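>
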Amino acid sequence: DTGVSQDPRHKITKRGQNVTFRCDPISEHNRLYWYRQTLGQGPEFLTYFQNEAQLEKSRLLSDRFSAERPKGSFSTLEIQRTEQGDSAMYLCASSYRGQGIGYTFGSGTRLTVV
Amino acid sequence: KNQVEQSPQSLIILEGKNCTLQCNYTVSPFSNLRWYKQDTGRGPVSLTIMTFSENTKSNGRYTATLDADTKQSSLHITASQLSDSASYICVVKRGGSYIPTFGRGTSLIVHP
Numbered sequence: 186d187t188g189v190s191q192d193p194r195h196k197i198t199k200r201g202q203n204v205t206f207r208c209d210p211i212s213e214h215n216r217l218y219w220y221r222q223t224l225g226q227g228p229e230f231l232t233y234f235q236n237e238a239q240l241e242k243s244r245l246l247s248d249r250f251s252a253e254r255p256k257g258s259f260s261t262l263e264i265q266r267t268e269q270g271d272s273a274m275y276l277c278a279s280s281y282r283g284q285g286i287g288y289t290f291g292s293g294t295r296l297t298v299v
Numbered sequence: 341k342n343q344v345e346q347s348p349q350s351l352i353i354l355e356g357k358n359c360t361l362q363c364n365y366t367v368s369p370f371s372n373l374r375w376y377k378q379d380t381g382r383g384p385v386s387l388t389i390m391t392f393s394e395n396t397k398s399n400g401r402y403t404a405t406l407d408a409d410t411k412q413s414s415l416h417i418t419a420s421q422l423s424d425s426a427s428y429i430c431v432v433k434r435g436g437s438y439i440p441t442f443g444r445g446t447s448l449i450v451h452p
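Next up, the structure:
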């Protein structure tokens, strides 16, 4: 296991299209987080899973954003009807309960909406 | 309001020089503080994590300090290298919350 994997690394889409990103966490990590990061800013929390349960989703930016972690392993983040303001880096992180804030981040997916 | 402020916003130094980055926070109750290094276009990588009882922690040429009384932390980089050019982000976790508070980061550029 080489860490948190995110796919794709880059995505260019036309405004109005739907996009889906995938995150594969470290296998023994039961917690998974999604963040969004725009240029010059720190990561902004979006949502959080413990195993397959989505325990926090109030920070998702709008109802166009949704996330799933169906079997408690990989997760997907979907953005429907993309807007230019959605252009950002989307980061996934995972951790194991009991290790405090032992986050391991993936390399992110860079989304550009044209 | 729980906030994390970092200074300076950006810093340019010559290779081989030392530098210190600052992080002030108002997050309460405090649980732990972590410094991350983020290369351009990559995800953040953890450098150090400090809990309430720790004052200093080193990771190679990186040394972090924490003053929980004044709610300040610093990251000192010794003998800088070109590969140190990155954004350095301070992250503070509040006790009882799984959503940490991120600073905006300090952009460090090391010139040869």
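One line per chain: the protein sequences are C and Y, in this order. Reminder that position 26 of the first sequence reads as 211 in the numbering used here, one-by-one numbering, no gaps. Reminder that position 22 of the second sequence reads as 362 in the numbering used here, one-by-one numbering, no gaps. Every residue, glycine too, gets a C-beta built ideally from N, C-alpha and C. None of the values given here were measured: they were computed from a predicted structure.
(1) At the level of alpha carbons, what is the spacing between MET390(Y) and HIS416(Y)?
(2) Would you grab the beta carbon distance between ASN463(Y) and VAL367(Y) for me? Rounded to a whole angstrom, and I think it's under 8 Å.
(3) Which residues in chain A have a C-beta closer than 7 Å to the C-beta of PHE442(Y)? List them in chain order.
(4) Taking only three categories from DSSP, how would you classify SER258(C)?
(5) Taking only beta-carbon atoms, is GLY383(Y) less than 8 Å away from chain C?
(6) Any idea if LYS377(Y) is buried or exposed, counting beta-carbon neighbours within 10 angstroms, 16 or more meaning buried?
(7) Could you tell me whether any Cβ in chain Y is nearer than 8 Å to the Cβ of GLU237(C)?
(8) Taking just the CA atoms, how far does ASP379(Y) sit from LEU224(C)?
(9) Quick one: Cα of ILE264(C) to Cα of GLY356(Y), how far?
(10) How many Å lie between SER425(Y) and SER350(Y) at the Cα?
(11) Would you tell me roughly how many angstroms separate the C-alpha atoms of GLN222(C) and GLY270(C), rounded to the nearest one?
From the atom records:
(1) 14 Å
(2) Residue numbering for chain Y in the displayed model covers 341 to 452; residue 463(Y) lies beyond these limits and cannot be assessed.
(3) Annotation note: the requested chain A is absent from the structure, which comprises protein chains C and Y.
(4) coil
(5) yes
(6) buried
(7) no
(8) 13 Å
(9) 45 Å
(10) 11 Å
(11) 12 Å
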